[in-house]
Amino acid sequence: MNASAPTDTLQDLVIVGNGMVGHHCVEQLVARGALQRYRIHVYGEESRRAYDRVHLSEYLNGRDAGSMALGDAALYEQEGVTLRLHTAVLEIDRHRREIVTAQGRHRYDKLVLATGSYPFVPPIAGAEGASRLVYRTLDDLDLIRDAAGGARRGVVVGGGLLGLEAANALKSLNLEAHVVEFAPRLMPVQLDEEGGAALRARIEALGVGVHLSRATQDIRPGTQYRYRMRFAEGAPLETDLIVFSAGIRPQVALARKAGLTLAERGGVAIDDHCRSSDEDIYAIGECAAWNGSVFGLVAPGYQMARTVAAALCGEPAQAFAGADMSTKLKLLGVDVGSIGDAHGATPGSRSYRYIDEAGAGYRRLVVSADGKRVLGAVLVGDNSCYDTLLQYVQNGIAPPADPASLILPQGQAAPLLGVESLPATATICSCHNVSKGAICDAIDGGCADLASVKGCTKAASGCGGCASLLKQVVEHELAARGVAVDRSLCEHFAYTRQELYAIVRVGGIETFEQLLASHGRGQLGCDICKPAVGSILASCWNRPIQDPHLVPLQDTNDTFMANMQKNGTYSVVPRIPAGEITPDGLIAIGAVAKKYGLYTKITGGQRIDLFGAQLHELPDIWGELIAAGFETGHAYGKSTRTVKSCVGSTWCRYGVQDSVRMALDIEHRYKGLRSPHKLKFAVSGCTRECAEAQSKDIGVIATEKGWNLYVCGNGGMRPRHAELFATDLDDATLIRIIDRLLMFYIRTADKLQRTSVWRESLEGGLDYLKRVVLEDSLGLCAELEAQMQLVVDRYECEWANALNDPEKLKRFRTFVNDSRPDPDIQFVQERGQPRPAPARVIPIAEEIA
Numbered sequence: 001m002n003a004s005a006p007t008d009t010l011q012d013l014v015i016v017g018n019g020m021v022g023h024h025c026v027e028q029l030v031a032r033g034a035l036q037r038y039r040i041h042v043y044g045e046e047s048r049r050a051y052d053r054v055h056l057s058e059y060l061n062g063r064d065a066g067s068m069a070l071g072d073a074a075l076y077e078q079e080g081v082t083l084r085l086h087t088a089v090l091e092i093d094r095h096r097r098e099i100v101t102a103q104g105r106h107r108y109d110k111l112v113l114a115t116g117s118y119p120f121v122p123p124i125a126g127a128e129g130a131s132r133l134v135y136r137t138l139d140d141l142d143l144i145r146d147a148a149g150g151a152r153r154g155v156v157v158g159g160g161l162l163g164l165e166a167a168n169a170l171k172s173l174n175l176e177a178h179v180v181e182f183a184p185r186l187m188p189v190q191l192d193e194e195g196g197a198a199l200r201a202r203i204e205a206l207g208v209g210v211h212l213s214r215a216t217q218d219i220r221p222g223t224q225y226r227y228r229m230r231f232a233e234g235a236p237l238e239t240d241l242i243v244f245s246a247g248i249r250p251q252v253a254l255a256r257k258a259g260l261t262l263a264e265r266g267g268v269a270i271d272d273h274c275r276s277s278d279e280d281i282y283a284i285g286e287c288a289a290w291n292g293s294v295f296g297l298v299a300p301g302y303q304m305a306r307t308v309a310a311a312l313c314g315e316p317a318q319a320f321a322g323a324d325m326s327t328k329l330k331l332l333g334v335d336v337g338s339i340g341d342a343h344g345a346t347p348g349s350r351s352y353r354y355i356d357e358a359g360a361g362y363r364r365l366v367v368s369a370d371g372k373r374v375l376g377a378v379l380v381g382d383n384s385c386y387d388t389l390l391q392y393v394q395n396g397i398a399p400p401a402d403p404a405s406l407i408l409p410q411g412q413a414a415p416l417l418g419v420e421s422l423p424a425t426a427t428i429c430s431c432h433n434v435s436k437g438a439i440c441d442a443i444d445g446g447c448a449d450l451a452s453v454k455g456c457t458k459a460a461s462g463c464g465g466c467a468s469l470l471k472q473v474v475e476h477e478l479a480a481r482g483v484a485v486d487r488s489l490c491e492h493f494a495y496t497r498q499e500l501y502a503i504v505r506v507g508g509i510e511t512f513e514q515l516l517a518s519h520g521r522g523q524l525g526c527d528i529c530k531p532a533v534g535s536i537l538a539s540c541w542n543r544p545i546q547d548p549h550l551v552p553l554q555d556t557n558d559t560f561m562a563n564m565q566k567n568g569t570y571s572v573v574p575r576i577p578a579g580e581i582t583p584d585g586l587i588a589i590g591a592v593a594k595k596y597g598l599y600t601k602i603t604g605g606q607r608i609d610l611f612g613a614q615l616h617e618l619p620d621i622w623g624e625l626i627a628a629g630f631e632t633g634h635a636y637g638k639s640t641r642t643v644k645s646c647v648g649s650t651w652c653r654y655g656v657q658d659s660v661r662m663a664l665d666i667e668h669r670y671k672g673l674r675s676p677h678k679l680k681f682a683v684s685g686c687t688r689e690c691a692e693a694q695s696k697d698i699g700v701i702a703t704e705k706g707w708n709l710y711v712c713g714n715g716g717m718r719p720r721h722a723e724l725f726a727t728d729l730d731d732a733t734l735i736r737i738i739d740r741l742l743m744f745y746i747r748t749a750d751k752l753q754r755t756s757v758w759r760e761s762l763e764g765g766l767d768y769l770k771r772v773v774l775e776d777s778l779g780l781c782a783e784l785e786a787q788m789q790l791v792v793d794r795y796e797c798e799w800a801n802a803l804n805d806p807e808k809l810k811r812f813r814t815f816v817n818d819s820r821p822d823p824d825i826q827f828v829q830e831r832g833q834p835r836p837a838p839a840r841v842i843p844i845a846e847e848i849a
């Protein structure tokens, strides 16, 4: 307490609730000098002080509960602030201006209700017997973990944000997970019908059962599992545990008992200054209803907390005027974004939709009737344009002449909105109301890196959805001021990808855990560093990616060693080196395709791709292909994809070298090589260039004297011609130079950087690259060759490795404890794809009836 504020002049301010919003209110009050006016008393029902509920699922993944605490404990230890945990407020006596607890009565002059909400458990017969597990607090997660012991299957009732988080928690506990949702789509509040369908396809592809339009009628004892859930329509479902996540309800028992006015749909009715019907009592967060609406995100609660703190400290009125409900999430590893008027409810609004069938993605853009304002968006599968679209919505930035270009893929899309074009008033962090101008002020005030800007402004310390945009703004503003920019990979590693590669190589580090412990921060890593480190480890040591310590680092495609398609099935791509295949090989592929009802396509990379495989079919399909002499084509990885060739001198009357033989040599040498991005090769037998070598990462063209080598080209969205690197090379020299070049690229490129972009980023350009690779100017060539030879020597077909390991094969079951397919999945034929008549499969629900 400040000495200039005599104790007898201070008023008593009581805050009921020590969740994220209540905690933020205390922070704001102290920061605004409230201790000059008040003694602050905080009451919390839980035994822990405020913690991060947004990232609750990390607790089940090993994060220590103590590390989830918000702010510094010193906030509650200073004079003038009292925190009473594990203390429930039982009553508010408005007449005597006192609160009542089990320990007695405590006076208040001003009271803030931050009691939050409670999980809604539908009135289902038998729910009490199912132990009523919910997903809300750390204690709840402890109960779920205990219930998972010895369990095989878990069901989440509710397919909203928390429901999908709960499903992820069940998967992390090695349970077969299912989601039951009353609505006809997942995340019905945030997503439209198409977005919900895209999300469902992706989540089902990850092995989570999704049951929509299901109203649970009752819960009874099961036969094969502990409980049996019966629905108004559809087959029943048995499970060992049930987690209810069917929405929230405002916690207003205290307010109701005290006679405060409640909103029609629940919540303490508040005005624009968060004041209740009693002028001395405020309500903030999920227990409050403004204009009849309750806000279930942390950002609106923080805005309310700031409004109340300003009012209590006598600052100019900062009226609460609603909140931005935009959200950016990663649910079960799937990117999901919802911005503004995502459903197009504004009268006259128009929508543009983009459906990415190959990548199972969906984007919707909602604009005003006159096309001059972006109103909202839905994103599923790719949030790369979230920050840009959010700024268009929040700042009223006029869209381009063709608004659809904002959601088209790279190459067709409008340029991303650069942070330099954002006005100073642009909101970067909605949770803490941090503008671009505030970030610039923090930098001008001495903050010289991202961490200090976060500490000063609190930006990205709420839900974390603005972290990427904040990083861009900070880096741009630091560079504009002539300050060297920190290019750390992420908050867990203060190194670039190139530096981490060197650390892994020199230190002989072979696991993510070793690297994090020795050179990182935190306990778990993130979606940035995990796949980047996974790629580095594969490039250095070439261990099977299905090894238990490497699987958590992989994305969906690498996890299942197959590309997931738009309908949740997978593609199978056997390697056909140089496009050369025997009649027996053709027959074997045809037989497999016919047996499993797969669609076949001859691709531009001289492969025969097979589409439509179900997850549980992949081991059987690959078992037959490997028995026929095939091996994985690595079409799912950031690795060597194909080596295309013409027929060369064997057949072509213009061919001057055996391009097929060279293509075979190259493909067999570099197959399985993991790199920052995919690699494509081609070998042409003469200058007629039938293999199109000059559009590849590595292109080889025959001459009368040997081979010309072209490097760093690619097609796709950003086409670039390869550049001539060396001429008239003999076979051995050609391979040696390619070894050096590829390893130098792997060593120095950034994450997910194609060779073309890497080449353009090199200072000194092609001449510098020639000096390094051809003239050994850095003295690295022998080391680069040795590194490549290690990778070559350790090659093994990843699918052959998995087929020989029963534990790895368990990953390809639709259900954890059952090798049968999901009887609820219905397939639609694509382009005449033949689906064989399946053997009679007894549905699980029918079997247990």
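The sequence shown lines up with residues 1 to 849 when you count with full-length UniProt numbering. Where is the CB? At the ideal position from N, CA and C, for every residue including glycine.
Cα-Cα separation between residue i and residue j, rounded to whole angstroms
i           : j           : result
residue 681 : residue 299 : 49 Å
residue 371 : residue 349 : 8 Å
residue 523 : residue 61  : 10 Å
residue 112 : residue 207 : 44 Å
residue 614 : residue 203 : 14 Å
residue 837 : residue 591 : Residue confidence for residue 837 is low, a pLDDT of 41 falling below 50, so the modelled location carries little weight and cannot support an answer.
residue 344 : residue 187 : 16 Å
residue 319 : residue 308 : 9 Å
residue 411 : residue 216 : Because the pLDDT at residue 411 is just 48, under 50, the model does not fix this residue reliably, and the value given afterwards should be weighed accordingly. Roughly 47 Å separates the two Cα atoms.
residue 921 : residue 617 : Since the first residue of the chain shown is 1 and the last is 849, residue 921 is not available in this structure.
residue 571 : residue 604 : 16 Å
residue 19  : residue 54  : 11 Å
residue 767 : residue 690 : 28 Å
residue 513 : residue 49  : 29 Å
residue 842 : residue 454 : Any reading at residue 842 must be qualified, since the residue scores a pLDDT of 34, below 50, and its modelled position is unreliable; no value is offered.
CB of residue i within 8 Å of CB of residue j, strictly
i           : j           : result
residue 850 : residue 42  : Coverage of the chain is limited to positions 1 through 849, which leaves residue 850 absent and any answer about it impossible.
residue 745 : residue 725 : no
residue 21  : residue 282 : no
residue 378 : residue 364 : yes
residue 697 : residue 686 : no
residue 326 : residue 390 : yes
residue 578 : residue 664 : yes
Candidates the options: closest to residue i by CA position
i           : options               : result
residue 387 : 361, 401, 429 and 398 : 429
residue 220 : 390, 214, 231 and 212 : 231
residue 478 : 492, 439, 401 and 489 : 439
residue 562 : 513, 291, 621 and 524 : 621
residue 585 : 694, 627, 254 and 549 : 627
residue 598 : 587, 606, 604 and 610 : 610
residue 419 : 698, 473, 606 and 457 : 473
residue 394 : 423, 730 and 769      : 423
residue 624 : 588, 35 and 612       : 588
residue 85  : 253, 74, 17 and 97    : 17
residue 488 : 565, 750, 636 and 69  : 750
residue 75  : 37, 31, 44 and 108    : 31
Contact with chain D by residue i, beta-carbon distance below 8 Å
i           : result
residue 402 : The structure shown contains no chain D; it is built from a single protein chain.
Heavy atom of the ligand ADP within 7 Å of residue i beta-carbon
i           : result
residue 333 : The ligand ADP is absent from the structure shown, which contains no ligand whatsoever.
*What are the start and end residues of each continuous alpha helix (DSSP H) run of 4 or more residues lying completely inside the stretch 42 to 68, in chain order?*
none
*Any chance the stretch 733 to 746 sits against the stretch 766 to 783, with 3 or more Cβ pairs inside 8 Å?*
yes
*asked:* Taking 8 Å as the cut-off, does the stretch 670 to 689 touch the stretch 533 to 545 (at least 3 CB pairs, one atom from each stretch)?
replied: yes
_Contact the stretch 444 to 453 vs the stretch 311 to 319: 3+ CB pairs below 8 Å_ = no
*Counting pairs of beta carbons, one from the stretch 24 to 42 and one from the stretch 122 to 139, are three or more of them closer than 8 Å?*
no
*Within the chosen definition, does the stretch 140 to 150 reach the stretch 255 to 270 through at least 3 CB pairs nearer than 8 Å?*
no
_Contact the stretch 488 to 503 vs the stretch 285 to 298: 3+ CB pairs below 8 Å_ = no
*Evaluate the contact criterion for the stretch 681 to 694 versus the stretch 639 to 650: three or more CB pairs, one atom per stretch, below 8 Å.*
yes
*Could you give the uninterrupted runs of the alpha helix (DSSP H) lying entirely in the stretch 135 to 187, keeping only those of 4 residues or more?*
138 to 148 and 161 to 172
*Counting Cβ pairs closer than 8 Å, one from the stretch 82 to 96 and one from the stretch 262 to 277, do we hit at least three?*
no
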